[in-house]
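Heads up: the structure comes next, in structure tokens.
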Amino acid sequence: MFSSLSLHTIIHVAVALLFPPLLLGVINRVKAVFGGRRGQPLLQAYYDLWKLMHKDSVISQTTTWVFLFGPVVSLATGILVALIIPLGHASAPLAFAGDVILAVYLLGLGRFFTMGAALDTGSAFEGMGSAREATFACLAEPVLFIGLLVLAKLTGSFSMIDVLGDGVAEAWSGATVALLLVLVSWFVVLLVENSRIPFDDPNTHLELTMIHEVMVLDHSGPALGMILYGASLKLFVFAALLVRLTGLAATGNPLADWGIFLTGTIVVACLVGVVESAMARFRLPTIPAALVGAGVVAFFGFLLVMIEL
Amino acid sequence: MMTALLEPCMVIAVLLNFYILSVSRLKMLIVVVAIQGVILGLMYPIVHQGFAPTAEAGLDLIPLVRLLALTIAIIAIKGSLIPVMLNRAVLLADIRSTVTSVIGFVPSLLIGGVGAAIVFVFAQQLPVSPDHHSPLLIPTSLTTVLTGFLILVTRREALAQVLGYIVMENGIFIFGLLLIEAVPILVELGVVLDLFVGVFVMGIIVHHVSRAFPEASTEHLASLKEL
Amino acid sequence: MTNELILVSGIGAILSGIPAAVLPARFRIGQALSALVLVFANAVGGYAVFQRLIQGPQAAVTFPSPIAGARLIVDMDGLSAFFLVPVLLVTAAASVFGLEYWKSSEHPQSFRRVPLFFGIMSGAMTLLVVAQDGLLFLAAWETMAVSALILVAAEDHIAETRRAAWLYIAASHFATLCAFGVFTILRSMTGSWEFGVIENAHGPLAAIMAALAFFGFGTKAGIMPMHVWLPSAHSQAPSHVSAIMSGVMIKMGIYGIVRVSTFFPDIPLAWGGIVLGLGTVSAILGVAFAIGQHDIKRLLAYHSVENIGIIVMGLGLALIGRATHQPAWIVLGIGGGMLHVWNHALFKSLLFLGAGSVIHTMGTRNMEVMGGLAKRMPWTANCFLIGAVAICGLPPLNGFVSEILIYTGLFRVLQDTPQGPVQAAALAAPGLAVVGALAAACFIKVVGVVFLGAPRSDRAATAHEAGRAMVGPMLVLVLCCVAIGLLPAACVPLLDTMVTSWTVGADGIPSVGTEFYLTPITIMAGLLIALCLAGCLALRWRGIADAPRGLTWDCGYAAPSPRMQYTSSSFAEMLVKLFRWALQPVVHAPSIRELFPQRARFESHVNDTVLEKAVMPAVRGGLWLVRWGRYFQNGSLQAYLLYILAIIVFLFLWQ
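These protein sequences, in sequence, are chains A, B and C. 322 is the number that the working numbering gives the last residue of the first sequence; the numbers go up by one with no jumps. 505 is the number that the working numbering gives the last residue of the second sequence; the numbers go up by one with no jumps. 1797 is the number that the working numbering gives the last residue of the third sequence; the numbers go up by one with no jumps.
Laid out in structure tokens, this is it:
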């Protein structure tokens, strides 16, 4: 069940905890390059976190403990998920049968309390944000699961060690098209779950149009720092899923695997940056259609897998 | 070697079907349908390997030229002539730039997905000879026909209906690829005829409807109903 | 001994209401005594279940029945023992809650009959699950159904309540009619009313029996197209009654289906497919309907439809497993489904009790006038929040455990040997994911609108916490939810006994614990809690406790008012629109024509589409068809006597 403490475990924990904020810096740098600017330092997110952890905060008087518990849970679940999913090595420190479900539901728990914290402020804008978050999550989760069905069918297993380990690397030769479809649909899920353009604009100046950022308007200081860190963890987790899904980080050589994995996550971040630079935000009514579309694409992948075997 | 390209083409064709079901901008719809047409044009020479040069017969130029000419014709008509004409129609008739759906885009997309599933399961049961080119050919064609049908049934605008018709015709074209070795000339004639019919229908209907109803919405036809 | 004990427990529960019904109202001693007797009787029952678990099967207790040649059999097998746990626990908790919730001073008309029939209903359910023959089963079933009717109609001076009661009894009688059909077929096939495997269960008669059982018991359980009675009955009944109706009574429908499924030696694949399909539909549409509700109890009632759907999904998977001889699917399906029976009984009754506590102080079920209650009633709010997290199936609570078992089973369908169409069953997994996400959306809405934010009305601003008799039972249920969530492996022995009893005579049925290793869940839950604690401590260390308090920022608006908050309808609006095709929301929106419009009202409702668009038209059509029957119902006593005579004569001649 649980792999013994080894070098992989140590690297895994270190990467999972230290690496994620870098991805935010990469995305911003790519956007800056596209916009013709020099951009902020790659390590800006680390400076921000440091700064936020040392700031004081102001708390709304309508709130209860849920308001502060939201950031805590989103961070705690983010860390736990980062320790459950495989990174540069197929078996994660906390891998077990059924870890896939636990990971998805942990993210759900984080979302639940983030929405609760938003509603706790009694602000119309934050209510709006959490309503949108709830709605889009309902459409994004099945996409993730349909993709999992494809992987489970191809690898004959459903714990992450096989689904995102050597099993998927072997499956690529037989079912390239289906896996490509899953990859595309999961990339869409990454964009939605991490509130990126074209689904949400993390940098917009208009609260009315936001989703995730508007939910955390009232958080400040260390709590906001936790949210920022939790968000970077979530982005990292999804990027890791995509990289593992490509099967490239399963060469057998541990050093190469970790190298490919880390490069891969940075490539995913670059891709997100390119999408953000090249696309405009969708109109709100278009988002459900786009998500259902991603679901249909993944479902088509499942159909392909089912008939070709 | 060539058949390896066939399946990606068909997968893209099916994915385009889903995209067609979810697009609301008319111009985008025209572009997507055109892309689908081009992909069908590319599929034609891939399937049509019976006329490829073989070792015994040596290089026979005439079928090859014909193959190339037809391919270019299909791509030109589906990928350029029709979209250009449709875009002209949009300009001339001053048609609204968005398509509206009777049931909404998300439900039509879902119906499309479920329909594809049913078609794929159904196609598994069909008693077709095993030596046809790909297990995907029939389901792809039926899914495309279904998509065209869905567009015809659920979209309000006349122009969108023309596009639905074209998509449906694309589906029939894919089905025709199955018979391409048995009766090549028939299929090829059919292809050309279909294309012309499409253009005619488009030209005639849009011009007539646009003269009578500037918005070109088929819902106005309901006012002709006897009370 | 255990069977005698459980019999004593059931009869004790049935009699428990008598003190409340006869003792003087002034000192409330009668009510207290009733609750005490019921708790004690259920404790005896609990002891019997425990004894059954460690001692194994016991000799059945039998009685000669009033109908010649038959006998009544009481025997607690694994299945009975499993279902007894929620029956005993939840009814005891709810009866204590009722002490304060349904005070004689506040309900002078019904304070006697509510505890009386509450006891009868509890005892009837106890007897129902230990009955091993059709006659006792039917008797207990009907007792339960009728006493529930009286409880639903507790406030029968309200017209809406009377309507709900009518609808309930009509649906309930449909269920009873089907149950009669099931046991009559059982008798005709085996020659006795006693439960057991029917050796020659094949052909159309077996199919009819299965269909009657599924649709009849499914009506009681509230599976989607048959759920029509459930929202109104659950919302109109007193909250502690809603708690046992939703937590336990509808599970008796599930019990019926599960019990009847043991009669068949082999199950066709199609049955499993139908059950799984309807379960998925039920789960998705149940939660979709829930999202559109403004009435907190109607919302919870629709969530019962959803959770019954999840249970039925597990059952469907197990039936598919039986049809294809896949022990892993059987164990994970029935194990997950039945564990969800427990879990739903716990968190749904917890939520209904929490809702009752809110309604008690607010005097209304409309969520739109609540808000900010967490500050005024922290115990209720926190219990409700825990129940909400549990019902969404989120870790580290109990709902997650049963859902992960079902998920694992559904994914196993893709991995194990039989390929082909049966693998389409795995598509229920994304369905379950949709359900989970929708449930989370719905419950964060409830928690947010009712307990968080600022009070939306004066009543909400002056709300008060519930008393100890109401908070106590909620805490007990919270503890159970947390315990199952943290230590799911502790449920394995009872689950295994239940699985063994369900798969009568089958070999090679593994333990639930070996098919899905549950210990990691405990470790993960522990880690999660530790991380959350660490996070809280970190915030505290950064001085969050002394952080200054200010207005909600609200984009700089300096005078926020509670009316500006997102309401339950606005929260749900996008999701309701997504499910517009099923929910058919009714919107009364003003049409704005001039530049300076008048005051206007906006209203939206989600009514029960199945009831309004299918059942009611069908009933009206049926009434129209049988209108000639009215001719016989002419009100003349003589005519009625003539009918009786005619029928007697007919029977004589027919013989």
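Idealized CB from N, CA, C, for every residue including glycine.
Under a Cβ-count criterion, where at least 16 other Cβ atoms within 10 Å of its own Cβ denotes burial, should residue i be classed as buried or exposed?
i, result
"N207/A", "buried"
"L1656/C", "One detail in the question is off: residue 1656/C reads as Thr in this sequence, not Leu. Flag for T1656/C reads exposed."
"M292/A", "exposed"
"L1149/C", "buried"
"L1795/C", "exposed"
"G1711/C", "Rather than Gly, the amino acid found at residue 1711/C in this sequence is Ser. With 16 or more other Cβ atoms within 10 Å, it is buried."
"W1695/C", "buried"
"G277/A", "buried"
"A1307/C", "buried"
"P1739/C", "exposed"
"N216/A", "exposed"
"V343/B", "exposed"
"N1449/C", "buried"
"F312/A", "buried"
"P1630/C", "buried"
"S1264/C", "buried"
Tell me, which residues are paired with residue i by DSSP?
i, result
"N1184/C", "DSSP output for N1184/C lists no bridge partner at all."
"S379/B", "R433/B"
"A1273/C", "V1216/C"
"N1800/C", "Here chain C covers residues 1143 to 1797 and nothing more, so residue 1800/C does not appear."
"G1692/C", "S73/A"
"F1205/C", "L1214/C"
"S303/B", "Note that residue 303/B is Arg in the sequence shown here, rather than Ser. Per DSSP, T376/B."
"V1729/C", "S1746/C"
"E1336/C", "D1275/C"
Within a Cβ cutoff of 6 Å, which residues of the same chain sit near residue i, ignoring the five residues on either side of it in sequence?
i, result
"A165/A", "F171"
"F1205/C", "L1214"
"F329/B", "Bear in mind that the predicted position of F329/B carries a pLDDT of just 49, short of 50, making it unreliable; the figure below should be weighed with that in mind. So the qualifying residues of the chain are P341 and L345."
"L283/B", "I324"
"G1414/C", "G1458, L1461, I1462 and A1465"
Nearest to residue i by alpha carbon, out of the options?
i, options, result
"F1182/C", "I1528/C, S1544/C and S1158/C", "S1158/C"
"P1257/C", "P1563/C, V1179/C and L1270/C", "V1179/C"
"L307/B", "V423/B, A460/B and I429/B", "I429/B"
"T1285/C", "V1339/C, S1314/C, S1778/C and I1450/C", "S1314/C"
"L261/A", "L152/A, P84/A and L192/A", "L192/A"
"L30/A", "P54/A, Q74/A and V94/A", "V94/A"
"Y1310/C", "G1364/C, T1326/C, P1161/C and V1634/C", "G1364/C"
"G1478/C", "F1357/C, F1658/C and V1500/C", "F1658/C"
"G1614/C", "A1234/C, F1325/C and V1423/C", "A1234/C"
"W1683/C", "A302/A, R257/A and H67/A", "H67/A"
"I24/A", "V86/A, D270/A and I300/A", "D270/A"
Kindly list the residues whose CB is nearer than 7 Å to the CB of residue i, restricted to its own chain and excluding five residues on each side of it in sequence; keep chain order.
i, result
"A1596/C", "G1513, G1514, P1704 and Q1707"
"V318/A", "V163, K166, L167, A188 and A191"
"A1568/C", "L1552, F1553, V1555 and L1556"
"A1605/C", "T1503, M1504, L1515, R1518 and M1519"
"A236/A", "S70, L81 and P84"
Within a Cβ cutoff of 8 Å, which residues of the same chain sit near residue i, ignoring the five residues on either side of it in sequence?
i, result
"F32/A", "F249, L275 and T278"
"I452/B", "M288, A291, L318, M321, L415, T418, S419 and T422"
"N266/A", "none"
Which bits of chain F does residue i rub up against, with CB to CB less than 7 Å?
i, result
"V384/B", "Note that chain F does not occur in the displayed structure, where the protein chains are A, B and C."
For this session: Tell me, please, whether the stretch 91 to 101 of chain A touches the stretch 1640 to 1660 of chain C by the rule of three or more beta-carbon pairs shorter than 8 Å.
Result: no
Problem set entry | Touch test, the stretch 1525 to 1541 of chain C against the stretch 109 to 126 of chain A, Cβ-Cβ under 8 Å, three pairs minimum | yes
Problem set entry | Touching by the beta-carbon criterion (3+ pairs, under 8 Å), the stretch 1336 to 1354 of chain C and the stretch 1383 to 1396 of chain C | no
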